[in-house]
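Trainee: One structure follows; several queries about it will come next.
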Amino acid sequence: MFSLAFVLLAGLLTLAQPEPDPALIEWSGYKRGDLVLNSTGAGVHNVLVFSADADRVVLSGSMPEQGTGFNSLEQLGVKTVISVDAALPEVELANERGMRYIHIPIKYSGISEDERAALALALRESESPIYVHCHHGKHRGPAAAAIGLVGIGACAPDTGLKLMELAGTSEQYPGLFEDVGAASKLDASALASAAHLLVETARVESLPGAMAEIDRVFENLVLLETNGWVTPARHPDLSAASESGQLADLFRVLATDETIGACGEQYSLLMEKARQDARLLELHIDAGDWVNADKTVDNLHNTCLECHGKYR
1 MFSLAFVLLA GLLTLAQPEP DPALIEWSGY KRGDLVLNST GAGVHNVLVF
51 SADADRVVLS GSMPEQGTGF NSLEQLGVKT VISVDAALPE VELANERGMR
101 YIHIPIKYSG ISEDERAALA LALRESESPI YVHCHHGKHR GPAAAAIGLV
151 GIGACAPDTG LKLMELAGTS EQYPGLFEDV GAASKLDASA LASAAHLLVE
201 TARVESLPGA MAEIDRVFEN LVLLETNGWV TPARHPDLSA ASESGQLADL
251 FRVLATDETI GACGEQYSLL MEKARQDARL LELHIDAGDW VNADKTVDNL
301 HNTCLECHGK YR
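In terms of this note's numbering, the sequence shown is residues 1 to 312.
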């Protein structure tokens, strides 16, 4: 009788135990710079560990590709997603999987003081694991994760720079490296001042505002082109890679603007042509293909002239 009761009790205890959570990963077994995920079918790429200590786990990678990407993040146990890309975050897809989204868009040219404070505050206050992403997961995202960790004293600037190199951040974006290298731990007042920036969806430029920014960036690219794609002495802050990346980013975000379609089919076609050329220009510059970069700048210029002649 005692034997039977013992067996029944043991069975009940077994049934009462919660099932293992597949999302719980033993992060203590990982170190900074470890590649966690880089599979085409996973919907996220270049996922690296930037921090994995008792206080927080911070990962950096690419923009999640629809449900597949967010499912992969869920399997990694991610609780907070921080986007530094200009595109509007897929907040609903994240929320459906119990994740919070924070949107702090930054530029290829560098990270402002306000953005730096917001990133640091987000890493300090958010539930871990935290996933920081840009578009491709190689440049802005790693820089943002690094500078945020430096800002809360969880990483030295030199370590942040090494992590950026491991993530594949290109030296063609000098502003990102300079800002991380010059970063330091922020005090409580600096962090508190950025609380209003921790939003699910940051305000994006209106169509006129975005077009004005496109004009400014394109002027910088023309200046670089006329100087043989070398940074001009009078404009040491300009980089061909960062300016072309910014231009491609602006057109990519505009492609999701509903007001584009309302302007008519021809306008939409011109905007799509410009978007494709901006992306081509980014690729040519990244590859050091200056001949085709020159041709693509000319194509963009002609498209802009045609569009301005009809719609400005």
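Note that CB positions come from ideal geometry on N, CA and C, so glycine has one too.
So, for C134: in the same chain, excluding its five sequence neighbours on each side, which residues have a beta-carbon less than 6 Å away from its beta-carbon?
Mentor: Reading the sequence shown from its first residue, position 134 is the one you call residue 134. Cβ within range, chain order: V84, D85, R140 and G141.
Trainee: Is it right to say P22 is buried, meaning 16 or more other beta carbons lie within 10 angstroms of its own, or is it exposed?
Mentor: Start at 1 with the first residue of the sequence shown, and residue 22 comes out as number 22. Here the model assigns P22 a pLDDT of 44, short of 50, so the residue's position is not dependable, and the following value carries that caveat. Exposed: under 16 other Cβ atoms inside 10 Å.
Trainee: Please state whether DSSP places T68 in a helix, a strand or coil.
Mentor: As a working mapping, residue 68 is identified with position 68 in the sequence shown. It is helical.
Trainee: According to DSSP, is I102 part of a helix, a strand, or is it coil?
Mentor: To locate residue 102, count along the sequence shown from 1; it is residue 102. Here I102 sits in strand by DSSP.
Trainee: Identify every residue that forms a DSSP beta bridge with K107.
Mentor: As a working mapping, residue 107 is identified with position 107 in the sequence shown. DSSP, once it has assigned bridges, lists G110 as partnering K107.
Trainee: Can you list, in chain order, the residues of its chain whose CB lies under 6 Å from that of C307, leaving out five sequence neighbours each side?
Mentor: On the sequence shown, position 307 is the one that residue 307 refers to. Hits under 6 Å: L270.
Trainee: What number of angstroms, rounded off, separates the C-alpha of A178 from the C-alpha of R116?
Mentor: Taking the first residue of the sequence shown as 1, we reach residue 178 at position 178. Taking the first residue of the sequence shown as 1, we reach residue 116 at position 116. It is Glu, not Ala, that sits at residue 178 in the sequence shown. Rounded to whole angstroms, E178 to R116 spans 13 Å at the Cα level.
Trainee: Could you check the C-alpha separation between A210 and E26 for me, to the nearest Å?
Mentor: By one-based count along the sequence shown, residue 210 stands at place 210. By one-based count along the sequence shown, residue 26 stands at place 26. Rounded to the nearest angstrom, the two C-alpha atoms are 44 Å apart.
Trainee: Between the C-alpha atoms of D257 and S28, what's the straight-line distance to the nearest angstrom?
Mentor: Your numbering for residue 257 matches position 257 in the sequence shown. Your numbering for residue 28 matches position 28 in the sequence shown. About 43 Å.
Trainee: Should G309 be labelled buried (16 or more other beta-carbon atoms within 10 Å of its own) or exposed?
Mentor: Position 309 of the sequence shown, counting from 1, holds the residue named residue 309. Label assigned to G309: exposed.
Trainee: Report the three-state DSSP secondary structure of T80 (helix, strand or coil).
Mentor: The residue given as residue 80 occupies position 80 in the sequence shown. Looking at T80 - three-state DSSP - the assignment turns out to be strand.
Trainee: Which same chain residues end up closer than 8 Å to L238 when comparing Cβ atoms and leaving out the 5 residues on each side of it in sequence?
Mentor: As a working note, residue 238 is residue 238 in the sequence shown. Only N220, L223, L224, T231 and P232 meet the Cβ criterion.
Trainee: Just curious, the beta strand (DSSP E) that V49 is in, first and last residue?
Mentor: Sequence index remark: in the sequence shown, residue 49 carries index 49 (1-based). Element bounds for V49: V47 to A52.
Trainee: Report the option in G168, L207 and D298 whose CA atom is closest to the CA atom of L254.
Mentor: One-based indexing of the sequence shown puts residue 254 at position 254. Taking only the C-alpha atoms, the option nearest L254 is L207.
Trainee: Distance, Cα to Cα, G98 vs K79?
Mentor: Counted from its first residue, the sequence shown places residue 98 at position 98. Counted from its first residue, the sequence shown places residue 79 at position 79. Using only the alpha carbons, I get a separation of about 7 Å.
Trainee: Evaluate the contact criterion for the segment 183-200 versus the segment 138-158: three or more CB pairs, one atom per stretch, below 8 Å.
Mentor: With a cut-off of 8 Å, the segment 138-158 and the segment 183-200 count as touching, because enough Cβ pairs lie within range.
Trainee: Check the C-beta distance from P129 over to G77 and give it rounded, since I have them as a contact under 8 Å.
Mentor: Locating residue 129 in the sequence shown gives position 129, counting from the first residue. Locating residue 77 in the sequence shown gives position 77, counting from the first residue. Sure, about 5 Å apart at Cβ, within 8 Å.
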